[in-house]
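J.: Just add 1428 to the spot in the sequence shown (first one is 1) and you have the numbering used here. Note that the Cβ used here is the ideal one computed from N, Cα and C, for glycine as well. Sharing a structure, written as structure tokens. Questions coming.
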Amino acid sequence: MAQVTRIHNGPQNAQILLRHTHNSHIPKSANSVSLKSQLWGTSKSVSLNHKNGVFLGNFEVSRCNNNVVRVSASIAATEKPSTAPEIVLEPIKEISGTITLPGSKSLSNRILLLAALSEGTTVVDNLLNSEDVHYMLGALRTLGLRVEDDKNAKRAIVEGCGGLFPTGRESKEEVTLFLGNAGTAMRPLTAAVTAAGGNTSYVLDGVPRMRERPIGDLVAGLKQLGADVDCSLGTNCPPVRVVGKGGLPGGKVRFLP
């Protein structure tokens, strides 16, 4: 058999190095190896060239949900290679039990924001413990909302504002929301403060990487709805500055292809 090494997961160029193992039998006439990666919903194949007893090649892979990349290798040769021992998997007759899946980052932040904009108290269970969610919770507190969260219990309790953030009623100064690199907080909150931010001005910013993430289409759409909003550096990326007008007038939005 042959050994496949140097397989790197993630959205990057995957380097494959195929070497002979001590027990391998690779015919001398073999000059190429066919590899196929099996990803979640995708596949990629590549042929490697033989040089000095080593097969080398590069191909591009994409990260799947469980960060697992499976690579199968076959050798093109005129001689028949040795047969490797087989592993027999017996079918499973029955599986039972309870599975608790982690919460979704995207859904967690959207639910928190909807809870903040609603009336009354909302209890959110199975909240994902992630950096994006932490930034959203911090931003809601900065906006004047009462928020309690228990990371061990994966629960948050949010007192809704009824459609107007407390800072929109109370703050006379510009409010800064620092959101790290949390795109699931930056985009929804940009729209939310234009509609529920009262007459207060807001600046939404983050880490340097956030300042490279486009948000121009959202800003253009909000402008068509009557919002006073701009990417303050003129780059179509954060920081975003919103000047409150007591709400979002509304209207029609047209996005160009």
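Rank L1541, Y1630, G1531 and R1669 by C-alpha distance to the C-alpha of S1599 and give the top, closest one.
T.: Selected option, being the one with the closest Cα: Y1630.
J.: Answer yes or no: do L1540 and L1571 have a C-beta to C-beta separation smaller than 8 Å?
T.: Not closer than 8 Å, so no.
J.: For the beta strand (DSSP E) that T1604 lies in, which residues bound it at each end?
T.: Run containing T1604: V1603 to F1606, per the beta strand (DSSP E) assignment.
J.: Which residues does DSSP pair with V1631 in a beta bridge?
T.: Paired residue(s): T1604 and R1669.
J.: In three-state DSSP terms, what is T1622?
T.: In the structure shown, T1622 sits in a helix (DSSP, three-state: H, G or I).
J.: Assign D1560 to one of two classes, buried (16 or more other C-beta atoms within 10 Å of its C-beta) or exposed (fewer than that).
T.: So D1560 ends up on the buried side.
J.: So what's V1586 in DSSP terms, helix, strand or just coil?
T.: Note: V1586 maps to strand in three-state DSSP.
J.: Would you say the beta carbon of D1578 comes nearer than 7 Å to a heavy atom of the ligand FAD?
T.: Looking at this structure, you won't find the ligand FAD or any other ligand, since it has none at all.
J.: Short of 8 Å in beta carbon distance, which residues of its chain neighbour P1616, apart from the five on each side in sequence? Order them along the chain.
T.: Counting only Cβ-Cβ distances below 8 Å, and skipping sequence neighbours, we find N1537, R1538 and L1541.
J.: Looking only at its own chain, which residues have a Cβ that is under 6 Å from the Cβ of V1551, when we skip the five neighbours before and after it?
T.: Contacts found: I1585.
J.: In whole angstroms, what separates the C-alpha of K1651 from that of G1525?
T.: In a straight line, the C-alpha of K1651 is about 51 Å away from that of G1525.
J.: Hey, how far is the Cα of L1573 from the Cα of T1663?
T.: Whole-angstrom Cα-Cα distance: 31 Å.
J.: Taking the alpha carbon of T1628 as the reference point, which residue from L1605, G1611 and D1645 has its own alpha carbon closest?
T.: Here the closest residue by C-alpha is L1605.
J.: Which residues in the same chain have their Cβ closer than 8 Å to the Cβ of T1549, if we skip the five residues on either side of it in sequence?
T.: Excluding residues within five positions, the ones whose Cβ falls inside 8 Å are I1585, V1586, E1587 and G1588.
J.: Give every residue of the same chain whose Cβ lies closer than 7 Å to the Cβ of P1642, excluding the five residues on either side of it in the sequence, and list them in chain order.
T.: So the list reads N1664 and C1665, once near-sequence residues are dropped.
J.: Taking only three categories from DSSP, how would you classify T1391?
T.: Here the chain covers residues 1429 to 1685 and nothing more, so residue 1391 does not appear.
J.: Roughly how many whole angstroms lie between the Cα atoms of R1569 and R1639?
T.: Each residue's Cα considered, the two are about 23 Å apart.
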